[in-house]
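Working notes, structure below.
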Amino acid sequence: MKKVQVAVDTGGTFSDFTYLDNTGLLQSFKVPSTPAEPEKAVIRGLLKITETGVKPDAIDLFIHGTTVGTNTLLQEHGSKTALVITEGFDAIYEVQEQARPYGKEIFNIRYQRPKLLVDRANVIEVPERIGSRGEVVREIDLELTRSRLELLKHEDIEGIAVCLLFSFINSEHERAVRRIAYEVLPNVKVTLSNEICPFIREYYRLSTTVINAYLRPKMDRYLSELDRAISGLGVTTKKRYVMQSNGGVGSLETAAVRPVSTLMSGLAGGVMASLSILDKAELKHGISFDMGGTSCDVAVTEGGEVEIRDRFDIDGRHICLPSVQVETLSAGGGTLAWVDEGGLLHVGPESAGAVPGPVAYGRGGVTPTVTDCNVILGYLDNREEVKDHLTLDIEAAKNVINQKLAKPLDLSVEDAALGVLKVVDIKMAEAVRALATSKGLDLREFTLVAFGGAGPLHASRIMRELGLKQVLIPSRPGVTSALGLLQADVKHEFISTKPQALSDSTSEMVKDVFSDLEQDAFTKFHEEGFPRSSLTLERYMDLRYQGQGYELSVAVNIDDLSTNTIRSDFDDMHAKKFGHAADTQPVEIMSYRLVGRAAPDRDQSVFDVLPVTGVLEKEPHARTVIFDLDGSAKRFEVPVIQREMMESNRMYEGPLVIEQSDTTTLVIPFQTAGLDTQGNIVIQDT
Numbered sequence: 134m135k136k137v138q139v140a141v142d143t144g145g146t147f148s149d150f151t152y153l154d155n156t157g158l159l160q161s162f163k164v165p166s167t168p169a170e171p172e173k174a175v176i177r178g179l180l181k182i183t184e185t186g187v188k189p190d191a192i193d194l195f196i197h198g199t200t201v202g203t204n205t206l207l208q209e210h211g212s213k214t215a216l217v218i219t220e221g222f223d224a225i226y227e228v229q230e231q232a233r234p235y236g237k238e239i240f241n242i243r244y245q246r247p248k249l250l251v252d253r254a255n256v257i258e259v260p261e262r263i264g265s266r267g268e269v270v271r272e273i274d275l276e277l278t279r280s281r282l283e284l285l286k287h288e289d290i291e292g293i294a295v296c297l298l299f300s301f302i303n304s305e306h307e308r309a310v311r312r313i314a315y316e317v318l319p320n321v322k323v324t325l326s327n328e329i330c331p332f333i334r335e336y337y338r339l340s341t342t343v344i345n346a347y348l349r350p351k352m353d354r355y356l357s358e359l360d361r362a363i364s365g366l367g368v369t370t371k372k373r374y375v376m377q378s379n380g381g382v383g384s385l386e387t388a389a390v391r392p393v394s395t396l397m398s399g400l401a402g403g404v405m406a407s408l409s410i411l412d413k414a415e416l417k418h419g420i421s422f423d424m425g426g427t428s429c430d431v432a433v434t435e436g437g438e439v440e441i442r443d444r445f446d447i448d449g450r451h452i453c454l455p456s457v458q459v460e461t462l463s464a465g466g467g468t469l470a471w472v473d474e475g476g477l478l479h480v481g482p483e484s485a486g487a488v489p490g491p492v493a494y495g496r497g498g499v500t501p502t503v504t505d506c507n508v509i510l511g512y513l514d515n516r517e518e519v520k521d522h523l524t525l526d527i528e529a530a531k532n533v534i535n536q537k538l539a540k541p542l543d544l545s546v547e548d549a550a551l552g553v554l555k556v557v558d559i560k561m562a563e564a565v566r567a568l569a570t571s572k573g574l575d576l577r578e579f580t581l582v583a584f585g586g587a588g589p590l591h592a593s594r595i596m597r598e599l600g601l602k603q604v605l606i607p608s609r610p611g612v613t614s615a616l617g618l619l620q621a622d623v624k625h626e627f628i629s630t631k632p633q634a635l636s637d638s639t640s641e642m643v644k645d646v647f648s649d650l651e652q653d654a655f656t657k658f659h660e661e662g663f664p665r666s667s668l669t670l671e672r673y674m675d676l677r678y679q680g681q682g683y684e685l686s687v688a689v690n691i692d693d694l695s696t697n698t699i700r701s702d703f704d705d706m707h708a709k710k711f712g713h714a715a716d717t718q719p720v721e722i723m724s725y726r727l728v729g730r731a732a733p734d735r736d737q738s739v740f741d742v743l744p745v746t747g748v749l750e751k752e753p754h755a756r757t758v759i760f761d762l763d764g765s766a767k768r769f770e771v772p773v774i775q776r777e778m779m780e781s782n783r784m785y786e787g788p789l790v791i792e793q794s795d796t797t798t799l800v801i802p803f804q805t806a807g808l809d810t811q812g813n814i815v816i817q818d819t
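Here the sequence shown is numbered in the numbering used here, starting from 134 and rising by one per residue.
See the structure below:
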């Protein structure tokens with residue numbers, strides 16, 4: 134029986150679809166995103182798949198990368214939320230912390246903290262207290278808790294965040310609050326901090342819990358509607374997953390309950406794809422460079438791995454959950470270019486998005502974008518219909534660049550467009566440089582893996598700016614993030630916070646804690662249809678020197694849990710990361726982590742399927758393309774070839790334009806391009 138795996142990666146401008154059947158046929162396409170009703174673009178794409186002859190009941194696996202949670206948080210369009218907190222600590226959320234975003238706002242005297250997601254009037258204090266060892270210092274007053282929650286009945290509250298002191302050690306009182314909340318307000322969604330973020334550090338735990346409660350009603354509605362719509366098409370598989378921030382996927386039900394874990398969903402797929410592409414090419418050090426219509430996402434992979442950070446922030450709001458380390462910039466094809474009153478050229482942060490899009494799309498755009506600049510410089514083909522009945526209007530793009538950029542800057546249209554691209558390229562290059570510098574990496578040995586609809590257009594200039602070894606363009610750059618979704622494992626993390634001195638622990642005590650976490654993992658994965666035998670388990674301990682304010686997560690071997698081994702591994706990691714180790718200082722255990730993985734049934738890897746499909750049917754030709762050489766615009770007659778026609782044993786000299794259905798690759802002067810054994814385009818400076 135024919136079985137099909139489907140992945141959809143929803144971006145700000147386009148939603149990317151890819152599907153692979155068990156015969157090895159891999160197809161991909163894009164549909165315009167529908168930000169106001171994101172499920173419509175997903176269903177439209179699934180309908181398009183069924184129109185190719187794929188029967189709905191043949192779809193065996195569905196994986197979704199979504200930006201619904203991220204956009205809801207950034208646009209502050211979440212639900213009306215209440216916060217339940219220990220009596221006497223109601224100001225924690227409002228006071229926040231004194232630190233500012235490092236490297237961004239630290240010297241900004243006009244810095245404004247992000248808007249609170251909970252109104253002061255909707256912060257409810259509960260008379261209770263759990264001590265630092267989990268002991269009950271003050272029993273919870275259930276009747277007073279009930280009467281205070283009843284004050285929310287007429288406030289249109291949809292979500293409640295519960296964050297009580299030391300609940301990560303003893304959750305009894307938080308669970309009592311939830312029981313009462315559901316009795317008083319049966320239609321609300323209640324989020325407990327001990328289930329979302331069972332870590333020490335009060336404000337980070339509170340912030341993460343509030344964000345989850347704020348997002349949960351909207352995400353629950355979205356995923357429920359999507360689930361019903363998928364079933365309505367005749368799709369019967371229960372293997373429906375959402376990409377999570379940690380680089381793994383979870384069920385739709387998990388994402389609906391824990392939407393905060395999907396905030397990097399739209400970014401993680403591309404990073405995981407980059408790892409697979411680099412591995413197939415036998416390269417260990419790479420930079421994942423995903424430039425789409427709205428933003429650009431960069432991540433550094435070293436030694437075949439990407440760093441998983443234990444906390445991150447979005448728009449100044451802290452999230453204390455595992456996430457692939459990705460930096461996002463407002464630099465995409467739809468990013469707007471403008472000149473301020475002082476005559477300074479800016480690119481971003483605003484974007485034209487899917488609607489109206491760039492001026493050249495002819496859909497009502499009135500402000501020049503990065504794509505408009507690529508069009509008038511000849512990098513993109515304006516000769517014919519390119520996608521979904523879309524014809525690029527070069528004259529409209531020229532006129533708006535002339536009026537809004539060239540004239541204010543006293544430049545030619547071409548020089549103004551080149552200036553826009555130079556600004557956005559340097560902006561992206563600096564993000565990569567800053568990320569690499571923070572890790573102490575030498576970029577000269579790194580390969581830039583460029584994908585997304587706009588990534589291959591800018592990659593050659595980024596490589597030269599950073600002095601990188603080479604650029605690698607995957608076979609399907611426009612849908613690489615979607616391909617990464619099909620490679621991802623189901624992944625969940627289980628945590629137990631039990632602060633104590635390492636010297637006070639024993640191998641048996643540590644093994645008992647991990648045994649409890651393993652039972653939690655077996656239960657969770659069983660609910661998602663995976664037997665114990667299919668699981669891969671990784672164990673970590675969060676350790677620190679006594680008196681430190683941060684921890685390091687150290688991998689441990691269940692067969693060797695001696696304190697001497699754990700201590701030695703921690704000292705080695707601390708020395709590697711910070712250049713020193715305090716080997717005479719006592720070590721403290723803060724938390725235990727268990728990471729569980731299971732792979733959905735796959736007949737083959739998407740990266741084992743090499744032929745490029747959906748290539749544009751055009752004859753080889755040349756066109757005028759404009760480059761910046763020595764600070765001025767120079768015209769070249771440049772050969773334009775289809776990627777499908779590239780010969781595997783030939784090197785092509787730049788300048789060169791390589792076209793395919795989902796993107797265009799630009800090779801600038803004094804560069805060469807060729808194909809490697811995996812079908813990737815490799816670009817190098819001569």
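Quick reminder that beta carbons are idealized off the backbone N, C-alpha and C, glycines included.
Do G449 and G467 have their C-beta atoms closer together than 8 Å? Position 316 of the sequence shown holds residue 449. Position 334 of the sequence shown holds residue 467. The answer is no: Cβ separation not under 8 Å.
Separation of I791 from Q775, as counted between CA atoms: To locate residue 775, count along the sequence shown from 1; it is residue 642. To locate residue 791, count along the sequence shown from 1; it is residue 658. If you take the alpha carbons of Q775 and I791, they lie about 6 Å apart.
Host beta strand (DSSP E) of T219 (start-end): For the purposes of this step, residue 219 is taken as the residue at position 86 of the sequence shown. Note, T219: beta strand (DSSP E), 214–219.
Cutoff 6 Å; reference D281; Cβ partners in own chain excluding five residues on either side: Along the sequence shown, one-based indexing puts residue 281 at 148. It is Arg, not Asp, that sits at residue 281 in the sequence shown. Contacts found: I257.
Inter-stretch contact at 8 Å, needing at least 3 Cβ pairs: the segment 590–607 / the segment 350–359: Taking 8 Å as the limit for Cβ pairs, the verdict is that the segment 350–359 does not touch the segment 590–607.
Look up N690 in the DSSP assignment and say whether it is helix, strand or coil. Translated into positions along the sequence shown, residue 690 becomes position 557. Correct three-state label for N690: strand.
When burial is assigned at 16 or more other CB atoms within 10 Å of the CB, is G273 buried or exposed? Walking along the sequence shown from the start, residue 273 turns up at place 140. At residue 273 the sequence reads Ile, which differs from the Gly that was named. With 16 or more other Cβ atoms within 10 Å, it is buried.
Proximal residues to G436 (C-beta, below 8 Å), its chain only, five neighbours per side dropped: Numbered from its first residue, the sequence shown carries residue 436 at position 303. Within the same chain, G436 has close Cβ partners K417, H418.
According to DSSP, simplified to helix, strand and coil, what is I410? Position 277 of the sequence shown holds residue 410. In the structure shown, the three-state DSSP call for I410 is helix.
Closest to T810 by CA distance: which of E415, L478, A567 is it? Here the question's residue 810 lines up with position 677 in the sequence shown. Answer by Cα proximity: E415.
Under the rule that 16 or more other beta-carbon atoms within 10 Å means buried, what is G202, buried or exposed? Taking the sequence shown and counting its residues from 1, one reaches residue 202 at position 69. Buried is the label assigned to G202, since at least 16 other Cβ atoms lie within 10 Å of its Cβ.
If we count Cβ pairs, one from each stretch, closer than 8 Å, do we get three or more for the segment 453–460 versus the segment 368–384? With the cut-off at 8 Å, the segment 453–460 and the segment 368–384 touch.
With contact counted as at least three CB pairs below 8 Å, one residue from each stretch, are the segment 258–267 and the segment 299–315 in contact? Enough Cβ pairs lie closer than 8 Å, so yes.
CB D514 to CB A530, shorter than 8 Å? Taking the first residue of the sequence shown as position 1, residue 514 is located at position 381. Taking the first residue of the sequence shown as position 1, residue 530 is located at position 397. Against a cut-off of 8 Å, the Cβ pair of A530 and D514 comes out as no contact.
Taking just the CA atoms, how far does V533 sit from A731? Position 598 of the sequence shown, counted from the first residue, corresponds to residue 731. Position 400 of the sequence shown, counted from the first residue, corresponds to residue 533. Roughly 52 Å between the two C-alpha positions.
Opposing strand residues paired with L153 [DSSP bridges]: As a position in the sequence shown, residue 153 is number 20, starting the count at 1. Beta-bridge partners of L153 (DSSP): Q138, L159.
3 or more residues per run - each beta strand (DSSP E) lying fully within the segment 616–671: The segment 616–671 contains these whole beta strand (DSSP E) runs: 623–634.
Alpha-carbon to alpha-carbon, T395 and D704: Reading the sequence shown from its first residue, position 571 is the one you call residue 704. Reading the sequence shown from its first residue, position 262 is the one you call residue 395. Across the structure, D704 and T395 are spaced so that their CA atoms are roughly 33 Å apart.
To which residues does DSSP link C429 through a beta bridge? Position 296 of the sequence shown holds residue 429. Bridge partners of C429 according to DSSP: M424, L462.
Enumerate, from N- to C-terminal direction, the unbroken alpha helix (DSSP H) stretches of 4 or more residues contained entirely within the segment 364–393. DSSP assignment within the segment 364–393 yields the following whole alpha helix (DSSP H) runs of 4 residues or more, N-terminal first: 385–390.
Whole-number beta carbon distance between A485 and T820, since they are thought to touch under 8 Å: With the chain represented from 134 up to 819, any question about residue 820 goes unanswered, as that position is not in the structure.
Would you call the CB atoms of M424 and G617 closer than 8 Å? Here residue 424 refers to the residue found at position 291 when the sequence shown is read from its first residue. Here residue 617 refers to the residue found at position 484 when the sequence shown is read from its first residue. No.
Three-state class that DSSP yields for G588 in the structure shown: Working through the sequence shown from its first residue, we reach residue 588 at position 455. Here DSSP, grouped into helix, strand and coil, assigns G588 to helix.
Any 3 or more C-beta pairs closer than 8 Å across the segment 722–729 and the segment 666–673: Flag = yes, the segment 722–729 and the segment 666–673 touch.
Close Cβ partners of V689 (< 7 Å) along its chain, the five nearest in sequence each way excluded: Here residue 689 refers to the residue found at position 556 when the sequence shown is read from its first residue. For V689, where only same-chain residues beyond five positions count, the Cβ hits under 7 Å are R672, Y673, M674, I699.
What's the C-alpha gap between A224 and E230? Stepping through the sequence shown from its first residue, residue 224 is reached at position 91. Stepping through the sequence shown from its first residue, residue 230 is reached at position 97. Taking the straight line from one Cα to the other gives about 11 Å.
Could you have a look at H306 and say whether DSSP puts it in helix, strand or coil? Locating residue 306 in the sequence shown gives position 173, where the first residue counts as 1. H306: helix per DSSP, three-state reduction.
CB V343 to CB I192, shorter than 8 Å? As a first step, residue 343 is located in the sequence shown; it is residue number 210 there, counting from the start. As a first step, residue 192 is located in the sequence shown; it is residue number 59 there, counting from the start. Annotated as distal: V343 and I192, with beta-carbon spacing of 8 Å or more.
Helix, strand or coil for H287, going by three-state DSSP, please let me know. In the sequence shown, counting from the first residue as 1, residue 287 sits at position 154. Correct three-state label for H287: coil.
Determine the DSSP secondary structure at V745, reduced to helix, strand or coil. Taking the sequence shown and counting its residues from 1, the one referred to as residue 745 is at position 612. Low local confidence applies: a pLDDT of 47 at V745 is under 50, so the model's placement there is unreliable, and no value is given.
On the three-state DSSP scale, how would you describe F147? Translated into positions along the sequence shown, residue 147 becomes position 14. Looking at F147 - three-state DSSP - the assignment turns out to be strand.
Selected residue, minimal CA-CA separation from E170, among I691, F162, T143, T185: In the sequence shown, the residue the question calls residue 170 occupies position 37. Of I691, F162, T143, T185, the residue nearest in Cα terms is T143.
Neighbourhood of T156 by C-beta distance below 8 Å, restricted to the same chain and skipping five residues each side: Along the sequence shown, one-based indexing puts residue 156 at 23. Excluding the 5 residues flanking it on each side, T156 has same chain C-beta neighbours closer than 8 Å at K135, in chain order.
Note down the Cα distance separating D526 from K173, rounded to an integer number of angstroms. As a position in the sequence shown, residue 526 is number 393, starting the count at 1. As a position in the sequence shown, residue 173 is number 40, starting the count at 1. Straight-line spacing of the CA atoms in D526 and K173 works out to 27 Å.
Is G812 helix, strand or coil by DSSP? Along the sequence shown, read from residue 1 onward, the residue named residue 812 stands at position 679. Secondary structure at G812: coil, using DSSP grouped into helix, strand and coil.
The segment 312–324 / the segment 286–297 touching (three or more Cβ pairs under 8 Å): For the pair of segments examined, the segment 312–324 was found to touch the segment 286–297: the number of CB pairs separated by less than 8 Å reaches three.
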